[in-house]
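Read the structure below first, then the notes.
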Amino acid sequence: MKISKTFWIYTIIAIIGYAIIQVMISSGQLDMYYSNLLITIAINVMLAVSLHLVIGITGQFSIGHAGFLAVGAYISAICTMQLHLPFIVGLLAGAIVAAIAGLIVGIPTLRLRGDYLAIATLGFAEIIRIIFLNWEYVGGAAGMQVMQQTTWTYAFFGMLITIIVISNFTRSRHGRACIAIREDEIAADAMGINITYYKVLAFAIGSLFAGLAGGLFSHNFFIIQPAQFGFLKSFDILIYVVLGGLGSLSGAVIAAVALTIISLYLQDFPETRMIIYSLVLILVMLYRPVGLMGTKEITDLFKRKRKGGDAHE
Amino acid sequence: MEWLQQLVNGISIGSIYALIALGYTMVYGIIKLINFAHGDVFMIGAFVGFYGLTHWHIGFIPSLLAAMIICSILGVVIERLAYKRLRNATRIAALITAIGMSLLIEYTTIFFRGAQPEAYPDNAVISKTFTVFGTQISSESIIILVTTIVLMLLLQFIVHKTKIGKAMRAVSHDMEAARLMGINVNNTISATFAIGSALAGAAGVVFGLYYTKIDPLMGIIPGVKAFIAAVLGGIGSIPGAMTGGMVLGIVETVVSALGFSMWRDAAAFIILILILIFKPAGIFGKNTREKV
C-alpha cells in the first residue's frame, strides 16, 4: 500500500512538472533552444535508465548500447518516412525491433562474462552500425532525412514510462533476481534463479527502451547517419550510468541531466569536452569506483530522515 | 596468382595486428585487464615515427627506435598513474578506466595538434616492387614482415631466456606466489607494459609506412582488431597473438578481395563473436573452469 502511495505521489508530481513546462512552451516563454534542450535531456535520461537496468541492476557490462539506439532510430524513421505510418506507430515499431535485436544479441553473448561480454556487445553494436552503413534503402553513409516530429509531450511521456517500468521492475521479484545475479552469479544460480532468462530479459527491456529513445532521437534531428551511433555514443551513455552510480536509478538520471547541460555549454569545444569527460571518468573510478550515488537512490536521503522521526514517536 | 597476392597483403596487415595484439595479450595475461589505451599508444608511435622521418630527419631505423622508446615510457606512465591503483578494484572499474585513458590520449592529441591527418613520406625507405611468381611484393611489405619477425624473435628471447621474462611468466601464473618468491611484482608489471607498448609503437611506424595516412583517431579500429586477434589466438598466449593477427589479416584481405570491402570491419567482429561463443579460450588458450 505504502509503496503504491509514494508511486502515485511521484507520478503526479512528475505530471504537474510536465504540465508547467508544456504551458511555458505553448505560451512561448521557453523558446526552441530550451525546448530542444529539454527533449535532449529526456532522451538521454531514457538511454541512461535503460542501460542502468543492464549494467547497474543486472551487472552485465554492455558497451554497445548505441547499437540499439540506432535500431530504434532507423526503424522508426523507416516507418514514418518510407511507409508513411503515424509517428507513434514508428516509435513502437522501433522499440519492438530494438527489443528483438536485444534478444538476438543477448542470447548468445550473455553467456560470456565481464570483459568478454563488453567486447562482444561492442562488436555487435559495430556490426549493427555497419549494416546500416551498407543498406542503401536507408541512405548508407550519407544518412536519411527525417521530419522533426518529437515534441516535449512525446519525450516526457517516453521518459516517464521508461522510469516507471524500470523502477517497478527493479522492485519486483524479477528485479530482485537480477540484483542477485549482479551480486553473485553462482550463488544466484544455486538459489534456483534462471540466470540466462533474467539476463536476457533485462537486456531485452534495456534494448526496448533504448529503441524507444532512438525513435525520439531520430525525429528530433533532421537527419540520421550511421556515424552518430558509433562507439562514442555508447560511451556517452555509459558515462551517465557510471558517474551516477552503478545501481542507482536516480544517480543515472541526475548524471544524464547534468552532463547533457554541461555538454551543451561545451559544444563549441568538443576536444575539451572529451578531455574533461575522460578525466572525470578516470578520477571517479580511481577515487570513488561506485560512482557518485553508489547504489543509493535520492529518495533514500529523505527516507532516513523520516525513519529518525518514527523513532522519536 | 591472385590468391598468392592476397596472401601477401594479408600477411602484411596481419603482422601489424600481431604486433599490437602481443601487447594486449601480455598485459591481459599478467593483470587481466583489457588495456583499451593500447590502440592509442600505437597511434602515438605512428606520430613519433612521422615526426622522426619528416621533422627530425633521422631515417627509418632511428625513428622506429624513437617511437618504441617513447611508447614504452608512455605505457609505463599510464600503468603507474592509473592501472596500478586498480589492481584490487572490480573488473568493471578497471575496464572503464582503460576506456577513459584511451579517450584521454586521443583527445589530448587532438587538442594539441588538431584532428587533421598526416601523410608518411614516400621516400622513408627504398620503395621498390619485386615480382615473385607473378606476385607483386613491395619493399614496404618486406620491411613490415622483417620488422615483425625480428621483434617477435626478440620478444621470445626476452620472455624465455632472461630473468625479467621468467619473472613475467611467474607473475602471470600466480601473482601472490611470485611475490612470496621475492619477485618485484610492480616492476615486472611495468616491464610488461614497457615491452608491450614498445611493440605497439613499432607497429605504429610500420602501419604509417604501409598505409601512409595517420590521424589521432587511427588507433581505435586497429586496436579493437588486435584485441580480436589476441582473443582469437587465445588471450595470454604469445604464439596465439601472432597466429591470431595473421589469421585476422588474411581473412580481412580475402573478404575485401571478394568484393565486400565495406563489410571488412564487420567480418572481424563476427569472427570475435563466433570464437567467443564456440571456443572462448581461443586457438592456443587453456580452458579454465570457474570455481566458487
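Order-wise, the sequence lines are chains A and B. When the letters of the first sequence are read in order and numbered with the numbering used here, they come out as residues 10 to 322. When the letters of the second sequence are read in order and numbered with the numbering used here, they come out as residues 345 to 636. All C-beta atoms, glycine included, are put in the ideal place defined by N, C-alpha and C.
Residue i at chain A interface by Cβ criterion, 8 Å
i      : result
B:F391 : no
B:L447 : yes
B:G603 : no
B:G444 : yes
B:I374 : no
B:I619 : no
B:L616 : yes
B:F455 : yes
B:I627 : no
B:D609 : yes
B:F613 : yes
B:P624 : yes
B:I364 : no
Cβ pair residue i, residue j closer than 8 Å
i      : j      : result
B:V385 : B:A573 : no
A:L386 : B:L620 : Since the first residue of chain A shown is 10 and the last is 322, residue 386 of chain A is not available in this structure.
A:A104 : A:G132 : no
A:I139 : B:A601 : no
A:S259 : A:W161 : no
A:A197 : A:I190 : yes
A:Q158 : A:T89  : yes
A:F226 : A:A75  : no
A:V106 : A:I136 : no
A:Y125 : B:P624 : yes
A:A57  : A:A265 : yes
B:G444 : A:L290 : yes
B:A538 : B:V371 : no
A:V250 : A:I72  : no
A:I232 : A:V155 : yes
A:L252 : A:L295 : no
B:I360 : B:V550 : yes
B:A381 : B:I422 : yes
A:S287 : B:L430 : no
B:A542 : B:M412 : yes
Alpha helix (DSSP H) segment containing residue i, residue limits
i      : result
B:V529 : 529-555
A:P279 : 279-296
B:Y368 : 346-375
A:N177 : 161-180
A:A219 : 204-227
B:P583 : 582-601
B:L418 : 404-425
A:V155 : Where A:V155 is concerned, there is no enclosing alpha helix (DSSP H), given that its DSSP letter is neither H nor E.
B:T434 : Counting along the chain, B:T434 falls outside any alpha helix (DSSP H), and DSSP gives it neither H nor E.
A:G260 : 258-274
A:L247 : 240-253
A:D124 : 123-142
B:Y395 : 382-398
B:V515 : 507-517
B:R608 : 608-622
B:G567 : 564-577
A:A199 : 194-199
CB-CB length for residue i against residue j, believed under 8 Å
i      : j      : result
B:G373 : B:S534 : The Cβ separation is near 15 Å, so there is no contact.
B:C415 : B:G389 : 5 Å
B:L616 : A:F70  : 16 Å between Cβ atoms; not a contact.
A:F218 : A:T171 : 5 Å
B:L311 : B:I594 : Chain B is shown only over 345 to 636; residue 311 of chain B falls outside these bounds and no answer can be derived.
B:A511 : B:L366 : Not quite, the Cβ-Cβ distance comes to about 18 Å (not below 8 Å), so this is no contact.
Chain B within 8 Å of residue i, Cβ atoms only
i      : result
A:G254 : no
A:S216 : no
A:I116 : no
A:S287 : yes
A:I8   : No answer is possible for residue 8 of chain A: it lies beyond the span of chain A, which begins at 10 and ends at 322.
A:Y19  : no
A:I246 : no
A:A189 : no
A:N45  : no
A:F141 : no
A:M156 : no
A:E135 : yes
A:V147 : no
A:I50  : no
A:F240 : yes
Closer than 7 Å at the beta carbon, the chain C residues around residue i
i      : result
A:D124 : In the displayed structure, chain C is absent; the protein chains listed are A and B.
Report the residue ranges of all alpha helix (DSSP H) runs contained in full by the region 54-97 of chain A; include only those spanning at least 4 residues, in chain order.
For the alpha helix (DSSP H) assignment, the uninterrupted runs of no fewer than 4 residues enclosed by the region 54-97 of chain A are, from N- to C-terminal side, 74-86.
Output the residue ranges of the beta strand (DSSP E) runs that lie fully inside the region 456-488 of chain B and measure 3 residues or longer, sorted by chain position.
If we require 3 residues or more, the beta strand (DSSP E) runs fully inside the region 456-488 of chain B come out as 473-476, 479-482.
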